[in-house]
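Residue numbers (my numbering), protein chains in the order written: chain C, 1 to 208; chain E, 1 to 184; chain S, 1 to 113.
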Amino acid sequence: MSRPDIDCVTEAEGCVSDDSLHRAAAGESAAFTALVRKHQRSVYSLALRMLADRHRAEDLAQDVFLQLHRSVASIESDAHLSFWLRKVTINRAIDRLRREPKYEEVSLDESLLLVSAAPAEDPLLQRQLRELVGRLPPAPRAVVLLRYQEDLDPTEIARTLSMSINTVKSHLKRSLAILREQVRDTTAVDSGGANPSKLDPSSPNVDQ
Amino acid sequence: MRMTAGNLTFAFIVLGARLALATAAAPDVQLQMPNFDSLASNASDSVSITLDSGLLGIAAAFLDSSKPEDAAAKDLISGLKSIYVRNYTFDKDFTYPSADVDLLRKQLSAPVWQRLVGVRSGKKQANVDIYMSVNQNNVNGLVIIASEPREFTVVNIVGSIDLQKLRRLEGKFGIPKLQLEEKK
Amino acid sequence: MSNHLDDQLRNALRPVDPGEEFTQHVVQRLAHDKRRSRWSTPAGLQWLSAALAAAVVLGFLTAHAWQVRREQQGLEARKQLLEALRVTGEKLDLAYRVVNDEAHGTAGENSGA
Numbered sequence: 001m002s003r004p005d006i007d008c009v010t011e012a013e014g015c016v017s018d019d020s021l022h023r024a025a026a027g028e029s030a031a032f033t034a035l036v037r038k039h040q041r042s043v044y045s046l047a048l049r050m051l052a053d054r055h056r057a058e059d060l061a062q063d064v065f066l067q068l069h070r071s072v073a074s075i076e077s078d079a080h081l082s083f084w085l086r087k088v089t090i091n092r093a094i095d096r097l098r099r100e101p102k103y104e105e106v107s108l109d110e111s112l113l114l115v116s117a118a119p120a121e122d123p124l125l126q127r128q129l130r131e132l133v134g135r136l137p138p139a140p141r142a143v144v145l146l147r148y149q150e151d152l153d154p155t156e157i158a159r160t161l162s163m164s165i166n167t168v169k170s171h172l173k174r175s176l177a178i179l180r181e182q183v184r185d186t187t188a189v190d191s192g193g194a195n196p197s198k199l200d201p202s203s204p205n206v207d208q
Numbered sequence: 001m002r003m004t005a006g007n008l009t010f011a012f013i014v015l016g017a018r019l020a021l022a023t024a025a026a027p028d029v030q031l032q033m034p035n036f037d038s039l040a041s042n043a044s045d046s047v048s049i050t051l052d053s054g055l056l057g058i059a060a061a062f063l064d065s066s067k068p069e070d071a072a073a074k075d076l077i078s079g080l081k082s083i084y085v086r087n088y089t090f091d092k093d094f095t096y097p098s099a100d101v102d103l104l105r106k107q108l109s110a111p112v113w114q115r116l117v118g119v120r121s122g123k124k125q126a127n128v129d130i131y132m133s134v135n136q137n138n139v140n141g142l143v144i145i146a147s148e149p150r151e152f153t154v155v156n157i158v159g160s161i162d163l164q165k166l167r168r169l170e171g172k173f174g175i176p177k178l179q180l181e182e183k184k
Numbered sequence: 001m002s003n004h005l006d007d008q009l010r011n012a013l014r015p016v017d018p019g020e021e022f023t024q025h026v027v028q029r030l031a032h033d034k035r036r037s038r039w040s041t042p043a044g045l046q047w048l049s050a051a052l053a054a055a056v057v058l059g060f061l062t063a064h065a066w067q068v069r070r071e072q073q074g075l076e077a078r079k080q081l082l083e084a085l086r087v088t089g090e091k092l093d094l095a096y097r098v099v100n101d102e103a104h105g106t107a108g109e110n111s112g113a
C-alpha cells in the first residue's frame, strides 16, 4: 500500500499529509496540532515582522490558527493551506496596523549605526535590516516579507496580497532601494553624525 | 510686440499677480476633447489622463509632502477642478489631420478664452499655443496645444490656477531647469 | 550589492519558531473556545452562530478588499497626476525654448551676422 506524500515521519515531528488535513477537518486534535506545529514558524514570523512586537505577533498568530480551526474543512491541500495562512496573517496584520493612527516606530539601536556592512554573515547588519523592514509601510513590508522570508515569486505574492504584479514589483524595487540607501547611509557615517532615517522622519540624529 | 522669453515670463508674472483664491461663479472652461482617433491609430505611444475633482482629491491624499515633487504637486492642485491630458508620440514625422485639432481651436475661439502665447519655431518645427480663461481677474482655465513633428499634446486644466507655481514646474518631474542666456 | 542585499535579507528574515509554548497556547485557547461555545450556545443555535460569524468574517474581508482597492486607486491617481504635471511642465518648457530660440535667431539677424 503506498503512503501518501509526507514531509517527515510522524505528526509529533510536525508532519502533515493531506490525510492529516482531512483528519483535522474531521475534528481530530492531534492532526490539527500537527498543522499548527508545521506552520507556526512561518505564521508567527510574518506576524512578528509585520507588527514588530512579539506579544502582538503571538496574539495574532494564535488568532490565525483559531480561524484556521474554524475553516480547516475548506482547505484542499498543503499548498492551499500555506497560501491561506500567509494571506490571513498578512491581512490581519495590515488591518491591525491600519487601525492604529501611526504604527509603532522601532527605534534603531544607536550602536547599529556605527557598524559597517561586512560581507557574508553579519548579525548586526541582519538585525538592522529586520528593523528597517519593520519600518517600511505595511503593503511594501508585506511584499518584502513574502519575497525574502517565504521565498515567493512576484506572481505568488500578487495572488496572496490581491495586488497587481506590477504593484508587487514596484513595491519590491522601491523597498530594496530604500533599504540599500539606509544601509549605505549608516555605513558612511562620519564624524559629522549619522543621517536621519528616511523611513522615520522623527528619529533622532545620532551624535558620534 | 515681439514675443521674447522675457515677455513671456512677464506675461505669466502679471497674470499670476492677478490671481485670487476666489471661487467666483464662472462658466466651466473644460474643453470637449475630441477622440483623436486619427492620431491614436498612428501613434506609437499615447497618454490619456482624465482627473476630475474626485480623483484629484484621492490623488492628493496619496501625495507625500516630505517629497519635493509630491509637495509641489499638492500645492499646485489645491484649487483645481480637473486636469485632462492627451499626448501622442509617433515613430516618424506625422502630419496631423486637421479635423480634430480644428474642433479644439473652434472651442478656443469663444470669448472666454484669450491666447496668451502663440509661438512657431521654424528650427524645431514646433508650434505651441497657450490659452487662458480669465474671469474677474481670476485664471480659471488653461489650455496648452503643442505640436511637434513626432509629438502632439493637449493639456486642459480647469480651476483656480497659479501660473507662478506652474512656471516653477521646471526642475521638478524630470524637467530640466531652463537656462536663459542673457543677451549681450 | 543587489545579490548581497538579497542574501542578507534572506538571512535576516529567516523564520523564527515561537516555541512549543505557542502550540500549547493555541490548543488551550481552542479548548477554551469550545467549552465556551458549548456552554453559551445551545446546540440548535450553533448553526446561527456559525452563520453570523461567517457574515462578520465576510464583512471584514470585503472591507479589507475595499481598502486594498482604494489604496491601489489612490496610488494610480497619484501616478497619473504626476504624469499630467510632468507633461504640462514639459510643454511650458517647450514654449519657453521656442521663444528663446526665436529671440536669439532674431538677434542674430539684427546684428547682421
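Backbone N, C-alpha and C define an ideal beta-carbon position, used for all residues, glycine too.
All of these numbers come straight from a predicted model, not from anything done at the bench.
Out of Asp95(C), His22(C) and Asp53(C), state which residue places its alpha-carbon closest to the alpha-carbon of Ala74(C). Taking the first residue of the first sequence as position 1, residue 74(C) is located at position 74. For the record, residue 74(C) in the displayed sequence is Ser; it is not Ala. Comparing Cα positions, the closest option is His22(C).
Leaving aside the five residues before and after Ile145(E) along the sequence, list all residues of the same chain whose C-beta is less than 6 Å from its C-beta, in chain order. For the purposes of this step, residue 145(E) is taken as the residue at position 145 of the second sequence. Result list for Ile145(E): Asp129 and Val154, in chain order.
Taking the C-alpha atoms as reference points, what is the distance between Glu83(S) and Leu55(E)? Here residue 83(S) corresponds to residue number 83 of the third sequence, with the count starting at 1. Here residue 55(E) corresponds to residue number 55 of the second sequence, with the count starting at 1. Near 14 Å, if we compare the C-alpha coordinates of Leu55(E) and Glu83(S).
Would you list the one or two residues that DSSP bridges to Asp100(E)? Walking along the second sequence from the start, residue 100(E) turns up at place 100. In DSSP, Asp100(E) forms no bridge with anything.
Which residues share a DSSP beta bridge with Lys132(E)? For the purposes of this step, residue 132(E) is taken as residue 132 along the second sequence, with counting starting at 1. Going by the sequence as given, residue 132(E) is Met instead of Lys. DSSP lists Gln114(E) and Leu142(E) as partners of Met132(E).
Closest Cβ-Cβ distance between Ala43(E) and chain S: below 7 Å? Taking the second sequence and counting its residues from 1, one reaches residue 43(E) at position 43. Output row for Ala43(E): interface = no.
Under 8 Å, with one C-beta from each stretch per pair, do the segment 128 to 146 of chain C and the segment 44 to 55 of chain C reach the 3-pair mark? Using a C-beta cut-off of 8 Å, the segment 128 to 146 of chain C makes contact with the segment 44 to 55 of chain C, since at least three inter-stretch Cβ pairs fall below that distance.
Under 8 Å, CB to CB, which of the residues in the segment 9 to 36 of chain S have a partner in chain C? Those would be Leu9, Arg10, Asn11, Ala12, Leu13, Arg14, Pro15, Val16, Asp17, Pro18, Phe22, Thr23, His25, Val26, Val27, Arg29, Leu30 and Asp33, in chain order.
Beta strand (DSSP E) segment containing Phe152(E), residue limits: One-based indexing of the second sequence puts residue 152(E) at position 152. Bounds of the beta strand (DSSP E) holding Phe152(E) are Glu151 to Gly159.
Can you find the residues in the same chain that come closer than 8 Å, C-beta to C-beta, to Glu151(E), ignoring five residues on each side of it along the sequence? The residue labelled residue 151(E) in the question sits at position 151 within the second sequence. Excluding residues within five positions, the ones whose Cβ falls inside 8 Å are Asn87, Tyr88, Thr89 and Phe90.
Whose Cβ in chain S lies nearer than 7 Å to the Cβ of His171(C)? For the purposes of this step, residue 171(C) is taken as residue 171 along the first sequence, with counting starting at 1. In chain order: nothing, as chain S lies at least about 10 Å away.
Three-way DSSP call (helix, strand, coil) for Thr95(E) in this model: Sequence index remark: in the second sequence, residue 95(E) carries index 95 (1-based). Under the three-state reduction of DSSP output, Thr95(E) falls in the coil class, being neither helix nor strand.
Contact criterion: CB-CB distance below 7 Å. Does His69(C) meet it with respect to chain S? Numbered from 1 along the first sequence, position 69 holds the residue referred to as residue 69(C). Yes - at least one Cβ of chain S is within 7 Å of the one on His69(C).
What span of residues does the alpha helix (DSSP H) with Lys74(E) cover, start to end? Within the second sequence, the letter at position 74 stands for residue 74(E). Pro68 to Ile77 is the span of the alpha helix (DSSP H), which, as asked, contains Lys74(E).
Alpha helix (DSSP H) segments (min. 4 residues) lying fully within the segment 26 to 64 of chain C: Within the segment 26 to 64 of chain C, the complete alpha helix (DSSP H) runs of at least 4 residues are 29 to 51.
Measure from the C-beta of Asp101(S) to each C-beta in chain E and report whether the shortest distance is under 7 Å. Counted from its first residue, the third sequence places residue 101(S) at position 101. Answer yes: the Cβ-Cβ gap between Asp101(S) and chain E drops below 7 Å somewhere.
If you measure between the beta carbons of Thr160(C) and Lys87(C), is that distance less than 7 Å? Against the first sequence, residue 160(C) aligns to sequence position 160. Against the first sequence, residue 87(C) aligns to sequence position 87. Taking 7 Å as the cut-off, the beta carbon of Thr160(C) is found closer than this to the beta carbon of Lys87(C).
When DSSP labels each residue in this structure, what does Arg135(C) get in the three-state scheme? One-based indexing of the first sequence puts residue 135(C) at position 135. Annotated three-state conformation of Arg135(C) is coil, per DSSP.
Determine the extent of the alpha helix (DSSP H) in which Val88(C) is found, giving its start and end residues. Position 88 of the first sequence holds residue 88(C). Note, Val88(C): alpha helix (DSSP H), Asp78 to Arg99.
Which residues, in chain order, does the segment 64 to 88 of chain S contribute to contact with chain C at a C-beta distance below 8 Å? From the segment 64 to 88 of chain S, only His64, Ala65, Gln67, Val68, Glu71, Gln72 and Leu75 have a Cβ closer than 8 Å to chain C.
Note the first and the last residue of the continuous beta strand (DSSP E) segment covering Ile83(E). By one-based count along the second sequence, residue 83(E) stands at place 83. Ile83(E): member of the beta strand (DSSP E) spanning Leu80 to Thr89, first to last residue.
How would you list, in chain order, the residues of chain E whose beta-carbon sits under 7 Å from the beta-carbon of Val98(S)? Taking the first residue of the third sequence as position 1, residue 98(S) is located at position 98. Below the 7 Å Cβ cutoff, chain E contributes Val119, Ser121, Lys124, Ala126 and Val128 as neighbours of Val98(S), in chain order.
Ala50(S): contacting residues in chain E (beta-carbon distance under 7 Å): To locate residue 50(S), count along the third sequence from 1; it is residue 50. Neighbours of Ala50(S) on chain E: none; closest Cβ ~38 Å, over 7 Å.
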